[in-house]
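Asker: The listed protein sequences derive, respectively, from chains A and B.
Residues 235 to 1514 in the numbering used here are what the first sequence lists, from first letter to last.
Residues 68 to 328 in the numbering used here are what the second sequence lists, from first letter to last.
I'd like to ask some things about the structure below.
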Amino acid sequence: MGVALTRAAQWTTASSGTGKLEITPVNESLLKEILEFVEQFSSRHPQEAKHVFKEPLQWTTSLEASDFKTEYDISGPTVKSHETDKDGHPMLQLTPPSISVHSFSQLSKIVQLATDKRLKEVRACLEANRDPVAKMLGPSFATVEGEDSSVLRLLEKVKEGDQAKETEIKVKLIILLQQLDTQLLSNSLKLISQEVRLSPAAVKNDVELLKSFCSEGEKRVLTSVQYTSDYEFTNGCRTPPWRQVHGEICYLVIKPCDTQPLHITCSTAGVFLNGGIRQEGEENSYDRTSDVYKDLVTLLKSKSPHFAENINKQDFAVQEELPTQKVQHVELVDAEEQGQPQRSYEHQEKNVHEKARQQLVQNKPGGKKKLEPSLKWKNLGLASPYDEADDKKSKKNAVSERFAETQEKMQKKADFSVSSLPGRQSSDKTKTPGGVGGADDFSESSSESEEDEEQSERRTESNTDLPSEYWQIQKLVKYLKGGNQTATVIALCSMRDFNLAQETCQLAIRDVGGLEVLINLLDTEEIKCKIGSLKILKEISRNSQIRRAIADLGGLQTMVKILDSPDKDLKYLAAETIANVAKFRRARRTVRQHGGIKRLVELLDCVPDSAALTEEQEKDVEVARCGALALWSCSKSTRNKEAIRKAGGIPLLARLLKSPHENMLIPVVGTLQECASERSYRIAIQTEGMIEDLVKNLNCDNHELQMHCASAIFKCAEDKRTRDLVRQCEGLQPLVTLLSQADNKQLLAATTGAIWKCSISMENVAKFQDYKALETLVGLLTDQPEEVLVNVVGALGEGAQKPANRATIRKCGGIQPLVNLLTGTNQALLVNVTKAVGACATELENMTIIDRLDGVRLLWSLLKNQNPDVQASAAWAICPCIENAKETRRDTGAAAASIRSQVQHFREDRQTFTHQIIRRNTEPKMNTIVFNKLSNQVIFDEKAKEVERSSRNYLEVIDGQPPDLHPDLLSSDHQVIKDNGIRHRRGRQNSGKVRHKRQALQDMARPLKQWLYKHRDNPYPTKTEKILLALSSQMTLVQVSNWFANARRRLKNTVRQPDLSWALRIKLYNKYVQGNAERLSVSSDDTCSEDGDNPQRMQTSGGEFSKPMYQSVIKKEGATMMGTGLRAADAASLAEDYVTPPPKYKSSLLHRYLNDSLRHVMVANGVMDARKRNHSGSFSSNEYDDDLLSPSSSETEANFVYRAETMDHGSSKCDNGGVQKEKVRGKDETYWKEINAAMALTNLAQGKDSSGSGTTSCIIQKSSHISEVKTVKVPLVQKY
Amino acid sequence: MAEMSAMNRKLIQNLAETLSKQVKHFNKTEAECLIRLFNGLLGDQSDRRVGNGLDRGKFRNILHNTFGMTDDMIMDRVFRAFDKDNDSYVSVKEWIEGLSIFLRGTLDEKIKYCFDVYDLNGDGYISREEMFHMLKNSLIRQPTEEDPDEGIKDLVEITLKKMDHDHDSRLSYADFEKAVRDENLLLEAFGTCLPDAKNLALELSLGHDAHVFLSWTRGRSPANEEDHKVELSRQLGEKLGLCILVSAPGGAKLGKLWVGR
């Protein structure tokens, strides 16, 4: 009984313990057997039934006291049996819900009492007592896996020490139990053996097959199929050994197209879903969470409707098998599988008799039947009717050999059936391969082999629409298969006469089984055949389907081997074919894994220098060229790049780069530019002097070569030395010349890219200025593809660092297109555009234009972009904009008046904030910042009067300040504060409008959000649902569709990890979301729901007035602060900006932003920061900062001042510029957050300016409550 | 004996010199080597008569063993191609001249040679029938086919379609030449009649331990031993069954046909 229970019964958990018996036929029959056994026990073996168990069997019962009759003491809910053991304990005791039983007689009674609940009782009992024998007879009788379970052993145990009588009973009991056990086992064995047991090989085949369904495009059935473990044990299992014990073969993660990833366990008993095994070691994830299916396909069918639907189209082949042929086919397939996995058709045809014999031999052992489904599948090929046809043909041929009398007929018909399919295919190209149509047609043709001649003839007629090439190619392939080398060569040569670039021919070759033959030929000794075959493969491998087929057939391995051949023709042809085939990742990996990279690199070793070559040298060059071609293809994989480098490819490439032959240079440069994405290559390109050659080749007249050269320079010119080298090699001029090739977009993209990267060096910019590159670049701002635009704008951005260039850009009318580009969506482009606009905006006249074009608003809106890079560079760009915008105003005179009266849009106020902050950092000469909290408050004041008052207050405080703060600034400050006050008022009104609109939109989207949240498992609304949503949200259907598309994309973009379910994404979204992006969950809307000004804030600001307090000043020992001083405007406008949006909203926005950018900056500058902090010992120490700031979090006022020395034009205008002090009452915590967020913006801006001479400071905030402020000195780019 | 060998040697050298001047692709040393080889092959034909040479059987042996040819008919034709004067013997001169094309011929020479081989009746055309004749063994007979010749006929048609540029249903030399120039693989379109590219060199030694490699890979000049890049045919000598001791004056071993390295 024990053995049967542990082995045969199916438990939910494999480990012994608390598992449950599953409801399976096996278990049910087991239970019934046991039940019967128990039931009859007391009547059959009355003596043994009285034997008292060593330990009682206890379980949770559903029986109640009322179920028991006489012979029992019933007192309330508890029941005791009259029957007792010799110590007087009752043999049965029921204290609901648990029951304990001491003997078989009681057990029998219970079973009888339980009537219809009996099965349940037995089950509960067994579940509670996994090894009942041990309890009945004592632990030494426990069923131990693997131990000798013979009765004799048990008998011996029994004899140890018991009294004679009891021993006898015990022995009898044991024997009875053993009998039961054997009986159970043999019964369940029958049941189990009826089921399909999976084997590792079968699973593997299934998986391979499923993988082949993971192709791209419309037809795909699955997204991906992956093992959780790459390691395969020798027995074919991929599970850890301790799970293999339970028969588990492997774990899979299969992603269907329509549902969440399925975590699947394949075990010998079948396949089922598990608890989500990703990594080994999670104990409970191994548990079964679904029914057991007999194979993967059945499971997938039930779990993924999409799969079921699509896979059914493949199923015909399984059904189509005739019962009589079944075994035969399988065996045949088996033989192939073992012998020559890839190509066996022609082999089979050549050696039909041998094959037949093999089949017979194979037939004998049998028992391979279980492999059947998967293998059949495999033979169906890649979901293509062609392959199926082929396969069928081969099968049929084999069959035909066995039935000699119908040989010829069948051969013919097989051919017909083969040909019929592609014909249809060609007439109906759009049909999904393996589609239903193919199935029908196919099953017909398969039965055809039993039919008579006429029908086949009719068939031929019906297939007249086949392209004639098809027949000819089929014939040629026949001769390829069946000819000696002479015939083969003739066939190969005449096959080359077909237009192999044409897809029909390519596919025809594949469909008639030509690929297998061609690849087989590569394995022969015949050089001519190999050459001929490679020549064809080389051509047809331009087709992606053929490429994959070649890789699948193992052609790459052979070709890699051929690379070793002494024959140069062979070498270069093989290399060229590899170059064609290795266009996809798996192929590239295959090449690498079979040592192809090394061999290809060896091919490069030739002497191409001399212009005049002998015939033989020309061959060498050709070999090297093809080697380079192949490397080029391969170098698209990162690991291949590494492999090329390790194989010593770089010096060889460098040598080949000096070759005078253009066709050699293209692949070489192509490889180099591909590899230049790796740092090691960039260094090598620089140090091996390849830049010079690249530049030289820029001057050739081959566009492709020029393109690759430019692209290589583009990738390498990140490095300053490289840029210098390009200049020194006079590579800039040809680059500029190439700009005229406006038709060739790829070339243009590469060229502009190179120019962009080169112009990072100012010397280069000067050169470009000489060459009038910018004029051309500005001309390229319109009507270009994005990849060109990114580079052009990047180049302009770099160029605009020079004042002269800024003017040039303006004069050429470049500002408008630049500003227009701000509305784009390409993030790389946006980064560059904002940079360029920012650079341009430093010029006053440019600014006017930008302003007119509404560019500043666009920039501001980009601050809300998801991409931190975009945000950063937008912020950077806003800075000079505001600066100059203000200048404009000031120049026109009446600052206050003009502001009040006019045009200035509220957006500016907002921008001022960012701008000022950033500006301070970008200001080259500035090394101190006065950052005054007071300004915040000031701005909130509605009345200028109040402003004055507060500033007076402030002034009072400031009198007590250390003398190194310059007093001059006060008056100017005063005025600006006034301005700010006015501006603020206006700004608030305007912002309300915009926010209102935004709010309205969000309200509209709420039902959609709710829907999304509700359907987070499958966020794809059906059309009906969309219509309903559109109605409820008052949007149009298109809007709804777009909203969902956007939402899903946002989810994907924000939560970057692949393989996440939608639900998880949605869950994580709010955590991940950056910047001002909309929150997704419905509730989170509320954070931004307040409209208008924050009443709380108003209140606060009013209250603040009465008790202005000055808290602290951060000061810097300022040897450097020779100070023209800091303009109060900076601080004032900074704070002012924050008035406009509702504070809470804003603060949360900035907060998020801050945290993100902080991370960003900290990572980037981590090392630098540490160093700089030490370096800037003059700055206030961290501890000091902490002290300073802690009060702020407790809502007390805080004020800190950095002293700044500014030399910008703005401050120089402040005639009375000096040190200014302001005081502030930072009662509202949000203010603090704002300031810190602002500082983070600053940081970010600095992070972007990686080098330079000036210094600046940044404050880093670590948590929402300011816990730490760090002052960091960062060198800045010299901007002016 | 010694005098004879000396005389012989002298003779051979003279002959080699003259022949190497007549034949493009061999220098004197190589020619001398080949003459010795020729003599060696003649072997025990002690009654070596002038003008006599390798007879058909011996020559076919060489082709078969050394160059891996199997087709009787083609071998016959190759013999004919060597035997320019049709006297059923390949003389020394014919041997050297033949080998010069056979081993080192330029493409032109080889085209001519192959055409000669394939033009069975020597009428300047390769006719349909000739092709059929030459290709008849090229397909594996499938017992399933009704007409075993059907495939061959088809193949002939394919070949004609491919090579017969003037559409007169036969291949003229011009046709053949053009086809081969377009596609070098077609050089031996109707059967192997040139040495296998697998055997790349024949290493000969003149004694004195100065090895000479006789290579017939295109464009490769005879190299010295130092030049290890020459691939050799290791099987060659074995296949020939040659290990000829050439008597030197004084009975010393003059040299040995080197086989392999």
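We put the CB at the ideal spot given by N, CA and C, even for glycine.
I think Gln292/A touches Ala348/A, with their Cβ atoms under 8 Å apart; what is that distance to the nearest whole Å?
Answerer: Going by Cβ atoms, the distance from Gln292/A to Ala348/A rounds to 16 Å, so no, they are not a contact pair.
Asker: What residues in the region 711-745 of chain A bring their beta carbon closer than 9 Å to a beta carbon of chain B?
Answerer: Lys712, Tyr713, Lys715, Gly716, Gly717, Asn718, Gln719, Thr720, Ala721, Thr722, Val723, Ile724, Ala725, Leu726, Cys727, Ser728, Arg730 and Asp731
Asker: In chain B, which residues lie less than 9 Å from Ile780/A when you measure between Cβ atoms?
Answerer: Within 9 Å Cβ-Cβ: nothing; Ile780/A doesn't reach chain B, min ~21 Å.
Asker: What are the boundary residues of the alpha helix (DSSP H) that Phe149/B is part of?
Answerer: Asp139 to Phe149
Asker: Using the three-state DSSP reduction, which class does Gly504/A fall into: helix, strand or coil?
Answerer: strand
Asker: Would Gln708/A be called buried (16 or more neighbouring beta carbons within 10 Å of its own) or exposed?
Answerer: buried
Asker: Across the region 81-89 of chain B and the region 99-108 of chain B, are there enough close Cβ pairs to call them in contact, namely three or more that are closer than 8 Å?
Answerer: yes
Asker: Can you tell me whether Thr905/A is helix, strand or coil according to DSSP?
Answerer: helix
Asker: I'd like the ranges of any beta strand (DSSP E) spanning at least 3 consecutive residues and lying wholly in the region 964-1026 of chain A.
Answerer: none
Asker: Where does the unbroken alpha helix (DSSP H) through Ile878/A begin, and where does it stop?
Answerer: Thr872 to Lys880
Asker: Closest to His828/A by C-alpha separation, out of Ala1264/A, Ile900/A, Ala877/A and Lys406/A, would be which residue?
Answerer: Ala877/A
Asker: Entirely within the region 157-234 of chain B and at least 4 residues each: give me those alpha helix (DSSP H) ranges in chain order.
Answerer: 159-171, 174-185, 195-202 and 215-230
Asker: Taking the C-alpha atoms as reference points, what is the distance between Leu104/B and Glu244/B?
Answerer: Within the model, the alpha-carbon separation for Leu104/B versus Glu244/B is close to 33 Å.
Asker: Which of the three DSSP states is assigned to His540/A in this structure?
Answerer: helix
Asker: Would you please verify whether the beta carbon of Ile79/B is less than 9 Å from any beta carbon of chain A?
Answerer: no
Asker: Just the C-alpha distance for Ser337/A and Pro290/A, rounded to the nearest angstrom, thanks.
Answerer: Approximately 8 Å, taken between the alpha carbons.
Asker: Does chain A have any CB closer than 9 Å to the CB of Ile168/B?
Answerer: no
Asker: With 16 as the cutoff for other CB atoms within 10 Å, does Arg873/A come out buried or exposed?
Answerer: exposed
Asker: In this structure, how does DSSP classify Gly716/A when only helix, strand and coil are distinguished?
Answerer: helix
Asker: Taking buried to mean at least 16 other C-beta atoms within 10 Å of its own C-beta, is Pro434/A buried or exposed?
Answerer: buried
Asker: Assign Gly788/A to buried or exposed, taking buried as 16 or more other Cβ atoms, counted over all protein chains shown, within 10 Å of its Cβ.
Answerer: A buried status is given to Gly788/A, since no fewer than 16 other beta-carbon atoms sit within 10 Å of its beta-carbon.
Asker: Is the separation between the beta-carbon of Pro280/A and that of Glu298/A shorter than 9 Å?
Answerer: no
Asker: Going by DSSP, what residue range makes up the beta strand (DSSP E) through Tyr1254/A?
Answerer: Run containing Tyr1254/A: none; DSSP gives neither H nor E here.
Asker: For His942/A, does the count of other Cβ atoms within 10 angstroms reach 16, so buried, or fall short, so exposed?
Answerer: Per the 10 Å Cβ criterion, buried.
Asker: Can you list the residues of chain B that Gly766/A reaches, using a CB-CB cut of under 9 Å?
Answerer: Contact annotation for Gly766/A against chain B: Glu250 and Leu252 [CB-CB distance below 9 Å, chain order].
Asker: Over what stretch of residues does the alpha helix (DSSP H) that includes Thr792/A continue unbroken?
Answerer: Gly789 to Ile796
Asker: Lys762/A CB to nearest chain B CB: under 9 Å?
Answerer: yes
Asker: From this set, Ala862/A, Leu710/A, Asn1060/A and Val1022/A, which residue's C-alpha is nearest Gly218/B's C-alpha?
Answerer: Leu710/A
Asker: Give a yes or no on contact between the region 402-415 of chain A and the region 497-504 of chain A, applying the rule of three or more CB pairs nearer than 8 Å.
Answerer: no
Asker: Between the alpha carbons of Gly716/A and Tyr704/A, how many angstroms are there, rounded?
Answerer: 18 Å
Asker: Between Lys709/A and chain B, is any beta-carbon pair separated by less than 9 Å?
Answerer: yes
Asker: State buried or exposed for His234/B, treating a residue as buried only when at least 16 other CB atoms are found within 10 Å of its CB.
Answerer: exposed
Asker: So which residues on chain A does Thr226/B lean against when the C-beta distance must stay under 8 Å?
Answerer: Ile724 and Ser728
Asker: With respect to the beta strand (DSSP E) encompassing Cys484/A, which residues constitute its N-terminal and C-terminal limits?
Answerer: Glu482 to Pro490
Asker: Give the C-beta separation of Lys822/A and Lys870/A to the nearest angstrom, bearing in mind that I take them to be a contact with Cβ-Cβ under 8 Å.
Answerer: Reading off the sequence, residue 822/A comes out as Arg, not Lys. Confirmed, Cβ separation roughly 7 Å.
Asker: Excluding the 5 residues flanking Lys802/A on each side, which residues of the same chain have their C-beta closer than 6 Å to its C-beta?
Answerer: The answer, listed in chain order, is Lys853 and Val857.
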